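**Student:** Got a structure for you, written out below as structure tokens; questions coming shortly.
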Amino acid sequence: MDALTYVTNEMLEAKGVWVSGQTSYPITETDIRRWAMATYYPKKPPRIYWDAEFAKGTRWGDIIAPPDFNPFAWSLEAPRGTPRPGLVGRKPDGKPMTGMNGGQTDRYGVPMRPGDVITARSRLLDWHEKEGRLGLTLYVRSEIEWKNQKQELVRTRISTSIRY
Amino acid sequence: MAVTAKDVRVGTTLPEWSRKTSFAEWNRYAAVNEEFVPFHMDDEAGRRAGNDEGAFGMGNLRYAYIVNALHDWIGDEGVVREVGCQYRAINQKDDVLTVVGEVTERSEEDGRTVVTLRVNVLNTKGQPTCPGHAVVEL
Numbered sequence: 046m047d048a049l050t051y052v053t054n055e056m057l058e059a060k061g062v063w064v065s066g067q068t069s070y071p072i073t074e075t076d077i078r079r080w081a082m083a084t085y086y087p088k089k090p091p092r093i094y095w096d097a098e099f100a101k102g103t104r105w106g107d108i109i110a111p112p113d114f115n116p117f118a119w120s121l122e123a124p125r126g127t128p129r130p131g132l133v134g135r136k137p138d139g140k141p142m143t144g145m146n147g148g149q150t151d152r153y154g155v156p157m158r159p160g161d162v163i164t165a166r167s168r169l170l171d172w173h174e175k176e177g178r179l180g181l182t183l184y185v186r187s188e189i190e191w192k193n194q195k196q197e198l199v200r201t202r203i204s205t206s207i208r209y
Numbered sequence: 016m017a018v019t020a021k022d023v024r025v026g027t028t029l030p031e032w033s034r035k036t037s038f039a040e041w042n043r044y045a046a047v048n049e050e051f052v053p054f055h056m057d058d059e060a061g062r063r064a065g066n067d068e069g070a071f072g073m074g075n076l077r078y079a080y081i082v083n084a085l086h087d088w089i090g091d092e093g094v095v096r097e098v099g100c101q102y103r104a105i106n107q108k109d110d111v112l113t114v115v116g117e118v119t120e121r122s123e124e125d126g127r128t129v130v131t132l133r134v135n136v137l138n139t140k141g142q143p144t145c146p147g148h149a150v151v152e153l
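This is how it looks when you write it as structure tokens:
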């Protein structure tokens, strides 16, 4: 009898292969302001994220987005949002898997600004399985790269998904 | 007032940055990040996902708090180059989360000061939930 595993043939085939992903809607000042308001709540976010006149006087010359801003929220077309190569694995009994965010490392390039259109590509990097408090658990590492419309690197994220 | 290079050396600590988190904060983050996951919104769904205390907060929001703490420290002219963390413990409802950090390395690059920090997010009990690192440019 084979050992229990959540790893699928699709994962083996996808390992290391870049997949072109979504292109965002153009980022708006409102998208940025709302993001900053949510992540600073209940305090007021820094003016660089919402006050264009103030931002003119900074090294950036305009409003910029917080580094962790997600331009892919509220996409409409399938596949929705940014590619999520970490959401893989299958239970032999067919029951749905639960996923949790294990962590991430982001390296930032140029900041995102109003009017920018971001394009993503992603790939599955590697994985391992081990027995944990919640039974067999699959840890999947994936990489997502974002570039803007000038092909400037905006962000590279390596994230770990926990699947059980 | 943003920190300046002359004030930073190995061992310098990041000013503590805190938020109390519950549905008010999580719902706002869910709304901007389109992150409507049942275990962040509903106690029963949180328990089904393995957390006895019910619904719990998003890792991404804790990450945002680290980014914000760094921004508030270095100011608008600084640059956050890199942030990484692992989510080791759950953000429970009504937790007061506090971002902490300490400078582990400092170097000069093309006239800018580059600073590496060890960072974490403590919960109400002062327990570390989110060990990580950051690189910023002053």
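Those protein sequence lines, which keep their order, are chains Y and V.
Residue numbering for the first sequence follows this note's numbering, starting at 46 and increasing by one per position.
Residue numbering for the second sequence follows this note's numbering, starting at 16 and increasing by one per position.
The beta carbon of each residue, even a glycine, is placed where N, CA and C say it ideally should be.
In this text the structure is predicted, and so the values were computed from the model without any measurement.
Would you say Trp191/Y reaches chain V, if we count a Cβ-Cβ gap shorter than 8 angstroms as a contact?
**Tutor:** It does not; no Cβ of chain V falls within 8 angstroms.
**Student:** The segment 143-155 of chain Y: which residues have C-beta closer than 7 angstroms to a C-beta of chain B, in chain order?
**Tutor:** Checking the listed chains, one finds no chain B in this structure; the protein chains it contains are Y and V.
**Student:** From what residue to what residue does the beta strand (DSSP E) around Leu183/Y run?
**Tutor:** Run containing Leu183/Y: Gly180 to Lys192, per the beta strand (DSSP E) assignment.
**Student:** Note down, in chain order, every chain V residue with its Cβ under 8 angstroms from the Cβ of Pro111/Y.
**Tutor:** What Pro111/Y touches in chain V: Ala79, Val82, Asn83 and His86.
**Student:** Throw me the rounded Cβ distance for the Thr53/Y and Arg135/Y pair, which I believe falls under 8 angstroms.
**Tutor:** Indeed they touch by this definition, with Cβ atoms about 5 angstroms apart.
**Student:** Pick out whichever of Ala70/V, Asp109/V, Tyr102/V and Arg133/V has its Cα sitting closest to the Cα of Val25/V.
**Tutor:** Ranking Ala70/V, Asp109/V, Tyr102/V and Arg133/V by Cα distance to Val25/V puts Arg133/V first.
**Student:** Within a Cβ cutoff of 7 angstroms, which residues of the same chain sit near Leu132/Y, ignoring the five residues on either side of it in sequence?
**Tutor:** Taken in chain order, the residues that qualify are Gly144 and Ser206.
**Student:** Name the two residues that bound the continuous alpha helix (DSSP H) containing Glu40/V.
**Tutor:** Looking at the DSSP string, the run of the alpha helix (DSSP H) that includes Glu40/V is Phe38 to Asn48.
**Student:** Going by the CB atoms, is the gap between Arg200/Y and Arg96/V shorter than 8 angstroms?
**Tutor:** Cβ atoms of Arg96/V and Arg200/Y: not closer than 8 angstroms.
**Student:** Taking Cβ-Cβ distances shorter than 7 angstroms, what residues in chain Y pair up with Val95/V?
**Tutor:** Neighbours of Val95/V on chain Y, chain order: Pro112 and Tyr153.
**Student:** In chain order, what residues of the same chain lie with their CB nearer than 8 angstroms to the CB of Ile93/Y, ignoring the 5 residues before and after it?
**Tutor:** So the list reads Phe99, Ala100, Thr103, Trp105, Ile108 and Ile109, once near-sequence residues are dropped.
**Student:** Would you say Tyr51/Y faces chain V, with C-beta separation under 8 angstroms as the test?
**Tutor:** For Tyr51/Y, the answer is no, since every Cβ of chain V falls outside 8 angstroms of its Cβ.
**Student:** Nearest by alpha-carbon distance to Tyr102/V: which of Ser37/V, Cys145/V, Gly61/V and Val94/V is it?
**Tutor:** The candidate whose alpha carbon is nearest that of Tyr102/V is Cys145/V.
**Student:** Using a Cβ-Cβ cut-off of 6 angstroms (strictly less than) and excluding sequence neighbours within five positions of Gly126/Y, which residues of its own chain qualify?
**Tutor:** Low per-residue confidence applies at Gly126/Y: pLDDT is 44, beneath 50, and the placement is therefore not dependable enough to give any value.
**Student:** State the Cα-Cα distance for the pair Leu153/V and His86/V, rounded to the nearest angstrom.
**Tutor:** Approximately 10 angstroms, taken between the alpha carbons.
**Student:** Taking Tyr85/Y as part of the alpha helix (DSSP H), name the residues at either end of that continuous run.
**Tutor:** Segment Glu74 to Tyr85, the alpha helix (DSSP H) holding Tyr85/Y.
**Student:** Near Ala20/V, what residues of its chain come up, given a Cβ to Cβ distance below 6 angstroms and the 5 sequence neighbours on each side ignored?
**Tutor:** Hits under 6 angstroms: Thr128 and Leu153.
**Student:** Report the rounded CA-to-CA distance for Trp41/V versus Pro111/Y, giving the unit in angstroms.
**Tutor:** Going by the C-alpha atoms only, they are around 18 angstroms apart.
**Student:** What do you get for Val62/Y, buried or exposed, if any count of 16 or more other CB atoms within 10 angstroms of its CB means buried?
**Tutor:** Result: exposed.
**Student:** Tell me the DSSP secondary structure of Phe99/Y in three-state form.
**Tutor:** Three-state result, Phe99/Y: helix.
**Student:** Which value, in whole angstroms, describes the spacing of the CA atoms of Val114/V and Asn193/Y?
**Tutor:** One C-alpha to the other measures close to 30 angstroms.
**Student:** Under 8 angstroms, Cβ to Cβ, is there at least one residue of chain V near Ile108/Y?
**Tutor:** Not closer than 8 angstroms to any Cβ of chain V, the Cβ of Ile108/Y fails to qualify, so no.
**Student:** Does the segment 154-168 of chain Y come within contact of the segment 59-77 of chain Y, defined as at least 3 CB pairs closer than 8 angstroms?
**Tutor:** Cβ pair count under 8 angstroms is three or more, so yes.
**Student:** Beta carbon of Arg208/Y, beta carbon of Tyr51/Y: below 8 angstroms?
**Tutor:** Yes, Cβ-Cβ distance for Arg208/Y and Tyr51/Y is below 8 angstroms.
**Student:** Count the CB pairs spanning the segment 42-50 of chain V and the segment 176-188 of chain Y that are closer than 8 angstroms, and state whether there are at least three.
**Tutor:** Taking 8 angstroms as the limit for Cβ pairs, the verdict is that the segment 176-188 of chain Y does not touch the segment 42-50 of chain V.
**Student:** Count the other C-beta atoms from every protein chain shown that fall within 10 angstroms of the C-beta of Phe54/V, then say buried if there are 16 or more, exposed otherwise.
**Tutor:** Buried.
**Student:** What residues in its chain sit with their C-beta under 6 angstroms from that of Gly72/V, if we drop five residues either side in the sequence?
**Tutor:** So the list reads Thr36, Trp41 and Asn106, once near-sequence residues are dropped.
**Student:** Just the C-alpha distance for Ser65/Y and Ile163/Y, rounded to the nearest angstrom, thanks.
**Tutor:** Roughly 12 angstroms separates the two Cα atoms.
**Student:** Would you mind reading off the limits of the beta strand (DSSP E) that contains Asn146/Y?
**Tutor:** It spans Gly144 to Tyr153 - the beta strand (DSSP E) in which Asn146/Y sits, taken as one unbroken run.
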